[in-house]
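*Asks:* Structure in structure tokens, see below.
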Amino acid sequence: MKTELLLLALAVGAANWAFRVLPVLMMRGRLRPGSLVERFLAATGPAAIATLFVAAVLPSLLPVPRDVVAMAAGTVTVVALFWMTRSVAAATLAGSMAFGAAVFLLS
Amino acid sequence: MTDPTPRLLSGLAASLPIAAGYFPIAFSFGVAATRSGLTGTEAFALSLIIYAGASQFLALALITSGAPLLVSAFTLIAMNLRHVLYGPALMKEAGEKATTRAAWLWAFGLTDEVFGQAIGALARGQRFSESYMFGLGAGAYASWLLGTAAGAWAGGGALEAYPAVNAALGFMLPALFLSLLLSVLARAHVPVVAVAGGVTVAVTMAASPTAGILCGMIAGALTGVIRR
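Chains as they are written, first to last, in the working numbering: chain D, 1 to 107; chain A, 1001 to 1228.
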């Protein structure tokens, strides 16, 4: 393995480890309810998931929408299955299968 | 009423949708890496050590363009800055009794998808456990490594022979994020979600997807601060 490539991987890997691990280890003590930090962190989860969902579908919509029908089929299936089962795994798997089936039928 | 403390196997089971979504992306990385001139071992090492999808694809571009080591390292590190938010947000939901003795190990697996799955489970009333976090992270990590190895050594074309399967696997992560969003969504979070989504679109179009993700998360979280 090339030395420069290994050094790059180690530097980036070490930073990723620090970004993911150190904040967990440094989170000590109880946050004061209603404090700015507590409110910020409470909103971080929904904000992150919403952001990642948008970032995941955006490449299919911009600049030219692709697989719109399949995406609609997948999205409706996820919403319907989650509404019926309240199961993240079932909704995810069913939505993906609906997307794949729509792509197959429309191809 | 909360569920009993979830264990390793529960975490592994919860990682299945993530693992299914990771495999084709890692496979693509393995193919792209070997086509860029890396050996299979080098491609696998990047996945093993870095374990961050977008960073790894960008690393290939930087390596093949001959960018200086320091510039490449700084660029790739900056891409993952958003991950510093995940640990504190997760531990806040986990509660003050949550232990972090093995966090040095399981928290390396705190990717976007693993964080989303974990925070969604806590929001649905599941208790925090380090065993569960380890199982959740290990399943996703194993899939990432297996996918990279398969792509590097089997080469491109394997998944292309099955376009419907390929398409279904490609929609796995958007479907997972949508399911997670539905699972954590409450009326109080609607402005947070709307601002996060809107800012992500705007900044992605104006600057880059990396900046869009970081700005979207921070703008959404700040909306939560202002709203109450």
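Ideal Cβ placement from N, Cα and C applies to all residues, glycine included.
Can you tell me which of the three DSSP states A:Pro1088 falls into?
*Replies:* A:Pro1088 falls in the helix class under three-state DSSP.
*Asks:* I'd like the list of long-range same chain contacts for A:Pro1017, defined as Cβ closer than 7 Å, with 5 residues on each side in sequence excluded.
*Replies:* The answer, listed in chain order, is Met1172 and Leu1176.
*Asks:* Measuring alpha carbon to alpha carbon, tell me which residue in D:Ser87, D:Asn16 and D:Ala70 is nearest A:Gln1117.
*Replies:* Looking at the Cα atoms, D:Ser87 is the closest of the given residues.
*Asks:* Would you identify the three-state DSSP class for A:Met1133, choosing helix, strand or coil?
*Replies:* Helix.
*Asks:* Below 8 Å on the Cβ atoms is my contact criterion, and I expect D:Arg20 with A:Phe1023 to pass it. Report the Cβ-Cβ distance as a whole number of Å.
*Replies:* Incorrect: roughly 21 Å between the Cβ atoms, too far for contact.
*Asks:* Give a yes or no on whether the minimum CB-CB distance between A:Ala1211 and chain D is below 8 Å.
*Replies:* Closer than 8 Å: no.
*Asks:* Kindly list the residues whose CB is nearer than 7 Å to the CB of A:Leu1060, restricted to its own chain and excluding five residues on each side of it in sequence; keep chain order.
*Replies:* Ala1032, Ala1033 and Ser1036.
*Asks:* List, in chain order, every chain A residue whose beta-carbon is nearer than 8 Å to that of D:Val109.
*Replies:* Coverage of chain D is limited to positions 1 through 107, which leaves residue 109 of chain D absent and any answer about it impossible.
*Asks:* Return the residues of the region 13 to 26 of chain D that lie within a Cβ-Cβ distance of less than 9 Å from chain A, sorted by chain order.
*Replies:* Residues passing the 9 Å Cβ filter: Gly13, Ala14, Ala15, Asn16, Trp17, Ala18, Phe19, Arg20, Val21, Leu22, Pro23, Val24, Leu25 and Met26.
*Asks:* If you drop the 5 nearest sequence neighbours on each side, which residues of the same chain put their C-beta closer than 6 Å to that of A:Ala1026?
*Replies:* Excluding residues within five positions, the ones whose Cβ falls inside 6 Å are Trp1144, Gly1147 and Thr1148.
*Asks:* Could you give the C-beta distance for A:Ser1183 and A:Ala1123, rounded to a whole number, given that I count them as a contact under 8 Å?
*Replies:* So it is a contact: roughly 7 Å between Cβ atoms.
*Asks:* Give the straight-line distance between the Cα atoms of D:Gly100 and A:Gly1197, rounded to the nearest whole angstrom.
*Replies:* Going by the C-alpha atoms only, they are around 25 Å apart.
*Asks:* Taking the straight line between their C-alpha atoms, what separation do you get for A:Thr1204 and D:Thr51?
*Replies:* If you take the alpha carbons of A:Thr1204 and D:Thr51, they lie about 11 Å apart.
*Asks:* Residues of chain A with CB closer than 9 Å to the CB of D:Met84, please, in chain order.
*Replies:* The premise fails here: D:Met84 is roughly 12 Å from chain A at the closest Cβ pair, so nothing lies under 9 Å.
*Asks:* Pull up the distance between the alpha-carbon of D:Pro59 and that of A:Thr1100, whole angstroms please.
*Replies:* So the two alpha carbons sit approximately 37 Å from each other.
*Asks:* Would you check if there are 3 or more beta carbon pairs closer than 8 Å linking the region 1085 to 1097 of chain A to the region 43 to 57 of chain D?
*Replies:* Yes, since at least three Cβ pairs between the region 1085 to 1097 of chain A and the region 43 to 57 of chain D fall closer than 8 Å, the two stretches touch.
*Asks:* Could you give the DSSP three-state label for A:Met1001: helix, strand or coil?
*Replies:* No answer about A:Met1001 holds up, because its pLDDT of 46 lies below 50 and its placement is not dependable.
*Asks:* Around the C-beta of A:Glu1093, are 16 or more other C-beta atoms found within 10 angstroms, so that it is buried, or is it exposed?
*Replies:* Answer is buried; the Cβ neighbour count reaches 16.
*Asks:* Taking Cβ-Cβ distances shorter than 8 Å, what residues in chain D pair up with A:Val1201?
*Replies:* Correct list: Val54 and Leu58.
*Asks:* Quick one: does the C-beta of D:Trp83 sit closer than 7 Å to a heavy atom of the ligand SAH?
*Replies:* As far as ligands go, the structure on display features none, and thus does not contain the ligand SAH.
*Asks:* So which residues on chain A does D:Arg32 lean against when the C-beta distance must stay under 9 Å?
*Replies:* Under the 9 Å cutoff, chain A gives no residues; its nearest Cβ is about 12 Å from D:Arg32.
*Asks:* What three-state label does DSSP hand A:Ile1160 in the structure shown?
*Replies:* In the sequence under discussion, the amino acid at residue 1160 of chain A is Glu, which differs from the Ile named in the question. Note: A:Glu1160 maps to coil in three-state DSSP.
*Asks:* Hey, is A:Phe1115's beta-carbon within less than 8 Å of any beta-carbon in chain D?
*Replies:* Interface residue, yes.
*Asks:* Whose Cβ in chain A lies nearer than 7 Å to the Cβ of D:Arg66?
*Replies:* Within 7 Å Cβ-Cβ: nothing; D:Arg66 doesn't reach chain A, min ~11 Å.
*Asks:* Determine, using beta-carbon pairs with one atom in the region 1047 to 1065 of chain A and one in the region 4 to 14 of chain D, whether at least three such pairs fall under 8 Å.
*Replies:* The region 1047 to 1065 of chain A vs the region 4 to 14 of chain D: in contact.
*Asks:* Taking 8 Å as the threshold (C-beta atoms), are D:Val12 and A:Ser1055 in contact?
*Replies:* Going by C-beta atoms, A:Ser1055 is nearer than 8 Å to D:Val12.
*Asks:* Any beta-carbon of chain A closer than 8 Å to the one on D:Leu106?
*Replies:* It does not: the Cβ of D:Leu106 has no partner Cβ on chain A nearer than 8 Å.
*Asks:* What whole-angstrom Cβ distance do A:Phe1134 and A:Trp1106 have, given they're in contact under 8 Å?
*Replies:* A:Phe1134 to A:Trp1106, Cβ: 4 Å. Contact.
*Asks:* Listed in chain order, which residues of the region 1017 to 1039 of chain A have Cβ atoms closer than 7 Å to some Cβ of chain D?
*Replies:* Answer set for the region 1017 to 1039 of chain A: Pro1017.
*Asks:* Using CA atoms only, rank isn't needed, just tell me which of A:Gly1030, A:Ala1098, A:Gln1126 and A:Ala1073 is closest to D:Leu25.
*Replies:* If we check each option's Cα against that of D:Leu25, A:Ala1098 comes out closest.
*Asks:* Is the Cβ of A:Thr1100 closer than 8 Å to any Cβ of chain D?
*Replies:* For A:Thr1100, the answer is yes, since a Cβ of chain D falls inside 8 Å of its Cβ.
*Asks:* Compare the C-alpha of A:Ala1014 against each of A:Ala1221, A:Val1114, A:Ala1154 and A:Ser1208 and name the closest.
*Replies:* Nearest C-alpha to A:Ala1014: A:Val1114.
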